[in-house]
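The sequence shown begins at 115 in the numbering used here and counts up one residue at a time.
We put the CB at the ideal spot given by N, CA and C, even for glycine.
It should be emphasised that the depicted structure is a prediction, and the values quoted were computed from it without experimental measurement.
These notes are about the structure you will find just below.
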Amino acid sequence: MIQGTITKAVWIARVPAVLYALFLMLFSFDVFGGAGVTAKEIGAFLLHCVPSFLILLLVFVTWKRPRLTGLFFILLAAGFAVYFLFTKQRDVASYYLLSVIPAAVGVIYLLCGIAKKDAAKEEKAQKP
């Protein structure tokens with residue numbers, strides 16, 4: 115019973131994680147100019163998509179390890195927070211979109227990982 119709840123909670127974290135990566139990928143479309151698409155623009159688009167690809171890759175590589183994924187997202191949020199702290203960027207909306215969302219996703223992942231570990235210990239203790 116508890117394992118099913120943990121699985122649902124992990125999916126509650128996975129969906130925003132993937133949506134966050136796709137949201138960041140939206141900013142890559144600004145490389146396309148007007149008339150036609152050139153090879154240079156496609157290359158620039160792919161280069162701008164690298165952070166999103168890395169986030170998606172990490173989510174899929176750490177699929178069964180929610181604590182590791184949570185740690186990554188918290189570090190990502192901390193990195194963005196440090197960026198906003200040391201630059202003259204004072205846009206609150208950007209700060210929330212780029213820092214608070216991955217922090218919340220990271221906390222959900224960490225809580226799921228801790229609950230998963232506790233459930234495994236409890237299940238192991240109940241076996242004769």
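In the structure shown, the three-state DSSP call for V151 is coil. Using a C-beta cut-off of 8 Å, the stretch 199–207 makes no contact with the stretch 218–237, since fewer than three inter-stretch Cβ pairs fall below that distance. Look at Q203 here: in three-state DSSP terms it is coil, with no helix or strand label.
Between Y223 and G184, the C-beta gap is smaller than 8 Å, which places the two residues in contact. Going by C-alpha positions, A217 is about 8 Å away from L190.
Per DSSP, F143 lies in no alpha helix (DSSP H) and is assigned neither H nor E.
Between K230 and P180, the gap from beta carbon to beta carbon is short of 8 Å.
Between V219 and F174, the CB-CB gap reaches or exceeds 8 Å.
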